[in-house]
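Take a look at the structure set out below.
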């Protein structure tokens, strides 16, 4: 099993480019997901509700599959059997990568099948390739154990969401990042240490900046390795593509070649990028270690 690529952070339960995901799907009838009623077919229209929001209640296992791959169809069917046996303890979602390429791109997949488990809007485990049923059973059991008591649950006992928080999340659902930012900032005025609001303010700011970067930012920066602004743009694009270590390494290399105010500027941006992730994330730990080596 491989660990998931670092997510942008738990407050990015709206940090996918929701405005893009809300666009109408391409015309044409897609192949239905294997697994029958125990699997939710995920589209750009229901991604937010069925994956991100749902994962705040119970773990969501997302299978990225293709009708061109018999192995991915079989894997989805096996997961559907497990989901049925577990009676709602977790949710199974299937993403057809052929008909929903933007969702597939968001997950940064390289092959099908790829499986990603989410809790609280954040990837917590993943693997690629087919697995035997007994291995899938153990994987799901470990997922349920890891999330036990940490999610609200799917029943009526789920706690009520603060209306201000619900409004902020709704703005994210609609891709209204400016309004979402205002809403989260208002929450912070009343509750300065609110964890979701603090993370969301930081991460929405990153998302607004990163999604505005030119699509060839990496190529531009590679052609001008000492251009600080180009390096910043490329690092943003790489993080959106879940190429996290590449983004960190790019800025650390630039720190080694700069001095004075320029070095401080690059170091500050790099630390801002570190803060988008869990401090315990291995890539963040490695990045901080490499930064220290570059500075001293």
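In the working numbering, the protein residues as written are 5 to 300. Backbone N, C-alpha and C define an ideal beta-carbon position, used for all residues, glycine too.
Using only alpha-carbon positions, find the residue among the options that is nearest to residue i.
i           : options               : result
residue 79  : 66, 181 and 226       : 66
residue 219 : 241, 127, 276 and 190 : 241
residue 56  : 96, 249 and 226       : 96
residue 100 : 93, 171 and 111       : 111
residue 63  : 92, 76, 131 and 247   : 92
residue 94  : 194, 73, 149 and 109  : 149
residue 134 : 243, 68, 52 and 273   : 68
residue 127 : 297, 291 and 285      : 285
residue 108 : 246, 278 and 291      : 246
residue 76  : 190, 210, 98 and 157  : 98
Got a sec, what are the start and stop residues for the alpha helix (DSSP H) residue i sits in?
i           : result
residue 219 : No alpha helix (DSSP H) holds residue 219; DSSP gives it neither H nor E.
residue 241 : 232-244
residue 275 : 264-278
residue 128 : Element bounds for residue 128: not the alpha helix (DSSP H) but the beta strand (DSSP E), 126-132.
residue 144 : 137-151
So, using beta-carbon positions, are residue i and residue j closer together than 7 angstroms?
i           : j           : result
residue 288 : residue 281 : yes
residue 121 : residue 129 : yes
residue 228 : residue 254 : no
residue 60  : residue 153 : no
residue 197 : residue 256 : no
residue 175 : residue 184 : yes
residue 82  : residue 117 : no
residue 208 : residue 252 : no
residue 221 : residue 244 : no
Does the beta-carbon of residue i have 16 or more other beta-carbons within 10 angstroms, so that it is buried, or is it exposed?
i           : result
residue 299 : exposed
residue 160 : Caution applies to residue 160, whose pLDDT of 42 falls short of 50 and renders its modelled position unreliable; the value that the coordinates give is listed next. It counts as exposed.
residue 275 : exposed
residue 52  : buried
residue 173 : buried
Taking the beta strand (DSSP E) that residue i falls in, what are its first and last residues?
i           : result
residue 249 : From DSSP, residue 249 is part of no beta strand (DSSP E) but of the alpha helix (DSSP H) over 248-261.
residue 95  : 95-100
residue 122 : 118-123
residue 44  : 44-46
residue 66  : 64-69
Say whether chain D places a C-beta atom closer than 7 angstroms to the C-beta of residue i.
i           : result
residue 238 : Here there is only one protein chain, and chain D is not present.
Could you tell me whether the stretch 101-111 touches the stretch 44-55, using the rule of 3 or more Cβ pairs below 8 angstroms? yes
Any contact of the stretch 236-250 with the stretch 192-202, i.e. 3+ C-beta pairs under 8 angstroms? no
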